[in-house]
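Numbering-wise (the working numbering), the sequence shown opens with residue 39 and increments by one.
All residues carry an ideal CB built from backbone N, CA and C; glycine is no exception.
To start, the structure itself, in structure tokens.
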Amino acid sequence: MEMRALRLIPHCICISFFWTPIVWGGFSMVVEDQAVSIVMGETDAPPVQRAASDLCHDIQRVTGFEPELLNQLATATEPVIIVGQIGCGGVVDQLVDAGVIDVSSLRGKWEGYHIQEVTNVSVLGALKQALVVVGSDMRGTIYGIYELSRLIGVSPWYWWADVPVQHNPAVSISAEEPITGAPSVKYRGIFINDEDWGLQPWAALTYDPELGDLGPKTYERVFELLLRLKANALWPAMHKVTRAFNADGQNAKLAAAYGIVMGSSHAEPMLRNNVREWVLPKNYFNFSTHPDEVLEYWDQRVAANKEYENLYTLGMRGIHDSGMTAGESVEEKVAFLDNIIRKQREILGSHIERDLKEIPQVFTPYKEVLELYQNGLEVPDEVTLAWPDDNHGYIRHFATAEEQKRSGGSGIYYHLSYLGAPLSYIWLQSTPPGVIWQQMHQAWAYGARDLWIVNVGDIKPAEIGMEFFLSLAWDIDQWQPETVNHFLVDWAAREFGVTHADTIASIMEDYFELNFQRRPEHLQWWLPHRKERSSALTQQEREERLSAFASLTLRAESIGSQLPSVFQDAFFQLVHYPVAASDAANQRVFYSELYRDFFHENTPLRQQYGLKVRLADQELRALTHRYNHDIADGKWRNMIAVEPADNNWRSYRTADVILPAENLVASTLDESLFREDDHGELLRTQDDEGAGFTEHEGVVAMEAENFTSQRTPKTATWRRIAGAGRSGDAVAIYPETTASLEIGNADAAFLEYDFVLKSEGELQITAWLLPTFPIDDSHGIRIAIGLDDRAPVLIEINRKVKDKDWSQAVLNATISASQSLGHVEPGSHTLRLYQVDPGVVVDKLALHFDELPSSYLGPKETRAE
39 MEMRALRLIP
49 HCICISFFWT
59 PIVWGGFSMV
69 VEDQAVSIVM
79 GETDAPPVQR
89 AASDLCHDIQ
99 RVTGFEPELL
109 NQLATATEPV
119 IIVGQIGCGG
129 VVDQLVDAGV
139 IDVSSLRGKW
149 EGYHIQEVTN
159 VSVLGALKQA
169 LVVVGSDMRG
179 TIYGIYELSR
189 LIGVSPWYWW
199 ADVPVQHNPA
209 VSISAEEPIT
219 GAPSVKYRGI
229 FINDEDWGLQ
239 PWAALTYDPE
249 LGDLGPKTYE
259 RVFELLLRLK
269 ANALWPAMHK
279 VTRAFNADGQ
289 NAKLAAAYGI
299 VMGSSHAEPM
309 LRNNVREWVL
319 PKNYFNFSTH
329 PDEVLEYWDQ
339 RVAANKEYEN
349 LYTLGMRGIH
359 DSGMTAGESV
369 EEKVAFLDNI
379 IRKQREILGS
389 HIERDLKEIP
399 QVFTPYKEVL
409 ELYQNGLEVP
419 DEVTLAWPDD
429 NHGYIRHFAT
439 AEEQKRSGGS
449 GIYYHLSYLG
459 APLSYIWLQS
469 TPPGVIWQQM
479 HQAWAYGARD
489 LWIVNVGDIK
499 PAEIGMEFFL
509 SLAWDIDQWQ
519 PETVNHFLVD
529 WAAREFGVTH
539 ADTIASIMED
549 YFELNFQRRP
559 EHLQWWLPHR
569 KERSSALTQQ
579 EREERLSAFA
589 SLTLRAESIG
599 SQLPSVFQDA
609 FFQLVHYPVA
619 ASDAANQRVF
629 YSELYRDFFH
639 ENTPLRQQYG
649 LKVRLADQEL
659 RALTHRYNHD
669 IADGKWRNMI
679 AVEPADNNWR
689 SYRTADVILP
699 AENLVASTLD
709 ESLFREDDHG
719 ELLRTQDDEG
729 AGFTEHEGVV
739 AMEAENFTSQ
749 RTPKTATWRR
759 IAGAGRSGDA
769 VAIYPETTAS
779 LEIGNADAAF
789 LEYDFVLKSE
799 GELQITAWLL
809 PTFPIDDSHG
819 IRIAIGLDDR
829 APVLIEINRK
839 VKDKDWSQAV
849 LNATISASQS
859 LGHVEPGSHT
869 LRLYQVDPGV
879 VVDKLALHFD
889 ELPSSYLGPK
899 ETRAE
């Protein structure tokens with residue numbers, strides 16, 4: 039957890055539009071046109087010395103003056119930055135031994151740091167002022183060093199997203215009270231995956247053409263970024279297009295030089311890249327038929343990399359993430375996996391001179407392997423269990439009370455990008471921070487504190503989601519459910535300055551909301567190899583969605599035009615392109631649908647919609663060309679490929695949008711042909727909480743977070759999760775570890791919604807929930823609904839991956855269920871939403887007399903006049 043005694047004040051000398059955390063009267067980085075010196079011990083680990091060198095460069099970026107990096111205090115001029123790890127000797131230990139710095143809370147802590155200003159102490163000799171960075175271990179010291187870089191205004195994305203660094207020779211830091219930090223999760227990192235369409239062609243053709251592949255030059259940039267984001271682990275790229283990470287010995291050496299812990303994906307045990315390194319016939323990769331060859335293959339890698347710090351993935355699946363080939367029945371597969379894990383651990387014990395229980399080992403029960411684990415697979419106690427999500431952001435299993443007692447603990451393997459069923463999403467990053475927060479905070483509450491790995495695809499353009507995930511892993515408590523989107527404000531202020539931070543954050547909130555309703559890669563409403571069909575949206579809903587995107591793009595363009603030129607490259611990458619490209623993608627699909635709808639009915643409208651399809655396609659191509667060729671002088675050429683980028687993996691990818699023929703569309707736009715938007719009475723008519731809801735055309739619709747009142751017992755409460763719904767916020771029970779309650783329990787927390795009915799008859803309730811998985815696998819996700827003084831009724835939705843309901847749920851970001859509430863009379867009523875299970879995220883509710891269409895995804899609110 040992190041505590042900072044730092045005031046953030048805009049600094050207005052130099053260039054006023056920049057923003058940086060600076061404090062007058064603190065520790066100055068420049069004195070009399072000379073940068074402060076940085077002193078560290080000769081015995082500090084090489085990765086610490088390398089990070090200190092980065093700090094020298096960062097101070098030069100900000101001030102224009104480069105510090106000297108020294109290993110003796112006597113040669114320094116005043117003032118000085120002192121860097122060191124506890125127990126490595128040198129000035130740091132002298133300050134600790136003299137009682138100048140209290141590091142009692144730091145001793146024995148994993149990756150902790152302590153930053154403090156000290157003045158007029160004898161240990162400094164003639165020097166009177168020093169800023170001291172102390173680490174509990176090697177990486178703790180490194181994170182303390184990079185924290186100084188962040189505090190003086192260097193974004194972690196200064197290179198990867200071209201975020202400008204303010205020139206400010208007067209920058210200073212206030213650290214009279216200690217600035218401390220330590221991670222919430224032990225191992226925190228990313229998985230580079232599906233790199234065929236971005237990172238690998240960019241590295242091979244643009245950044246490192248001499249190598250022609252993703253190699254040491256690229257990984258060095260990745261390692262630095264990870265450390266600046268306070269991460270410590272990497273699963274490297276593993277597709278066939280990329281040379282295996284360990285095929286080049288320089289890669290592992292570089293990882294060690296940076297202090298990065300290397301692992302391999304859930305499908306690549308023992309640091310092996312099966313698609314490139316398994317050179318025997320593919321069918322030999324089978325433990326039931328060729329165990330000796332498989333064991334020798336694993337043994338060679340462990341022997342070669344045993345001196346490095348690694349996370350060893352255990353278990354076995356097929357080559358390239360396919361199911362394991364050994365065994366026919368579940369029982370046979372479990373027996374094979376038991377033996378495989380035992381043999382893998384024997385290999386580790388034979389090569390690594392450490393107690394086997396101290397060697398970091400991970401087992402990820404991914405896809406079908408989770409079923410094997412649930413059917414009796416016994417994983418050794420010291421092995422970390424990394425629970426996977428369903429590839430679309432919803433974690434499939436949470437550790438039970440017994441699993442939480444394991445010495446190896448548990449972790450999470452999460453996705454922000456995925457190539458697979460029912461449809462891939464490997465172009466733009468669109469999972470809202472609110473959803474990431476809800477899932478990861480819940481996992482942490484149930485003991486997932488030893489490993490968090492997130493699949494980020496090509497890193498770009500997943501910058502926001504990647505940083506938010508890793509920020510949570512570092513400090514789980516820095517945001518509450520109601521304040522999740524404060525992250526976006528802080529992020530925007532750091533990258534673009536405080537003046538426009540709120541507006542930029544608001545744009546990105548709306549970007550995530552619109553794309554969460556249907557990701558840009560999921561705008562196709564039929565699954566591959568199925569009959570083509572149009573979307574479930576009405577004409578009005580399509581036009582409203584397109585209008586919302588158009589407004590969002592205009593807002594982004596407006597803010598972008600107000601930013602100074604130095605921000606333009608970063609703004610385009612982080613804000614403008616995601617917003618405008620998803621806008622164009624939606625236009626291309628939905629105008630195509632309208633073009634087809636009016637093809638035989640209204641020739642002028644058909645021609646107009648056809649032109650709009652072609653214009654949207656041109657805009658998307660122009661935006662992507664600008665990203666790949668124009669920004670940052672062509673630095674990111676070959677990085678962005680719009681989905682569908684090619685004809686590979688067609689069973690998981692959307693179909694190409696077929697453009698209307700040029701001779702069938704209008705030559706110019708005529709907006710007079712389009713009808714005025716009629717949003718009707720279904721739009722909210724007022725925003726005052728407590729105003730209640732009213733029936734409209736047989737439906738009373740409400741957002742779950744807009745309750746009239748609530749009852750909160752001592753044990754639990756419903757809380758709003760910002761940005762976790764399809765149209766804004768959602769609600770869930772907290773704390774997440776609250777016990778489930780039987781329906782009708784008097785201690786249940788509930789929310790009340792006042793509403794007015796104009797009709798009478800058999801009333802039904804439909805609830806839309808996030809498609810999460812239950813904490814207790816023995817039942818579905820459950821809530822209870824009560825009407826007036828009637829007994830509550832149970833709503834339960836069973837969850838199972840790979841079935842039709844799951845496919846539609848992850849594509850629509852919602853799952854629903856209905857229940858009868860009995861006969862009701864017109865007039866005023868109250869609906870109650872009762873607590874049953876924690877972990878259930880409620881988005882929308884609707885009361886209705888008739889059956890809702892199966893494609894219905896929830897109405898807009900019907901608030902009372």
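Counting along the chain, the unbroken beta strand (DSSP E) around methionine 78 starts and ends at 75 to 78. Excluding sequence positions up to five before and after valine 68, its CB lies within less than 6 Å of the CB of Thr101, Phe103, Pro207, all in the same chain and listed in chain order. Segment contact: the stretch 102 to 116 against the stretch 163 to 180, three or more CB-CB distances shorter than 8 Å; contact assigned. Taking C-beta atoms under 8 Å as the contact rule, alanine 282 and asparagine 311 qualify, at a distance of about 4 Å.
The count of Cβ pairs closer than 8 Å, one atom from the stretch 837 to 847 and one from the stretch 782 to 800, stays below three, leaving the stretches out of contact.
Annotation for tyrosine 322: His328, Glu331 place their beta carbon closer than 7 Å to its own, counting only its chain and skipping 5 residues before and after. Under the 10 Å beta carbon count, arginine 688 is surrounded by fewer than 16 other beta carbons and is classified as exposed. Spatial neighbours of glycine 253 in its own chain (CB-CB distance under 8 Å, excluding positions within 5 residues in sequence) are listed in chain order as Ala241, Asp246, Arg281, Asp286, Gln288, Asn289.
Annotation: the stretch 420 to 463 contains the following complete segments of the beta strand (DSSP E) (minimum length 3 residues), in chain order: 422 to 426, 448 to 453.
Within the stretch 502 to 557, complete alpha helix (DSSP H) segments of at least 4 residues are found at 524 to 534, 539 to 555, given in chain order. Secondary structure of tyrosine 411 (DSSP, three-state): helix.
The C-beta distance from isoleucine 833 to isoleucine 823 rounds to 6 Å, short enough to fall under 8 Å. Under the 10 Å beta carbon count, histidine 277 is surrounded by 16 or more other beta carbons and is classified as buried.
In the structure shown, leucine 789 adopts extended strand secondary structure according to DSSP, grouped into three states. Contact check for lysine 344 against isoleucine 397 fails: the beta carbons are separated by 7 Å or more. Annotation: the continuous alpha helix (DSSP H) that includes tyrosine 629 extends over 615 to 635. Between the alpha carbons of tryptophan 198 and asparagine 624 lies a gap of roughly 28 Å. Counting only runs of at least 3 residues, the stretch 795 to 875 fully encloses the following beta strand (DSSP E) elements, listed from N- to C-terminal order: 799 to 807, 819 to 825, 831 to 835, 853 to 862, 865 to 872. Between the stretch 519 to 528 and the stretch 230 to 240, the count of C-beta pairs closer than 8 Å stays below three; the two stretches do not touch.
The C-beta of serine 856 has fewer than 16 other C-beta atoms within 10 Å across all chains shown, which makes the residue exposed. Taking a contact as a CB-CB distance under 8 Å, the pair tyrosine 225 and asparagine 270 counts as one, their CB atoms being some 6 Å apart. Note that the C-beta distance between proline 642 and leucine 711 is below 7 Å. The closest CA to that of arginine 383, considering only Val421, Thr363, Glu639, is found on Val421.
Looking at Val536, His358, Leu454, Leu423, the one whose alpha-carbon comes closest to that of leucine 489 is Leu423.
Excluding its 5 nearest sequence neighbours in each direction, methionine 362 has C-beta neighbours in its own chain below 7 Å: Met354, Arg355, Gly356, Lys371, listed in chain order. In this structure the stretch 606 to 613 does not lie against the stretch 568 to 580, because fewer than three pairs of beta carbons, one per stretch, are closer than 8 Å. By a beta-carbon distance limit of 8 Å, isoleucine 759 contacts valine 879. Their separation comes to about 7 Å. Residue range 880 to 886 is occupied by the beta strand (DSSP E) that includes lysine 882. Counting along the chain, the unbroken alpha helix (DSSP H) around isoleucine 597 starts and ends at 577 to 600.
Here the alpha carbons of arginine 487 and glutamine 87 stand approximately 29 Å from one another. DSSP lists Thr157 as the bridge partner or partners of glutamine 167. Ranked by how close their Cα comes to the Cα of valine 473, the residues Ser448, Val536, Phe507 have Phe507 in first place. Tyrosine 791 and methionine 300 have their C-alpha atoms roughly 51 Å apart.
The beta carbon of phenylalanine 534 lies closer than 7 Å to those of Ile542, Leu601, Phe605, Phe609 in the same chain, with the five residues before and after it left out. Put simply, the backbone Cα of histidine 453 is about 23 Å away from that of alanine 293. The way I'd put it, the stretch 881 to 901 does touch the stretch 736 to 745; three or more beta-carbon pairs between them come closer than 8 Å.
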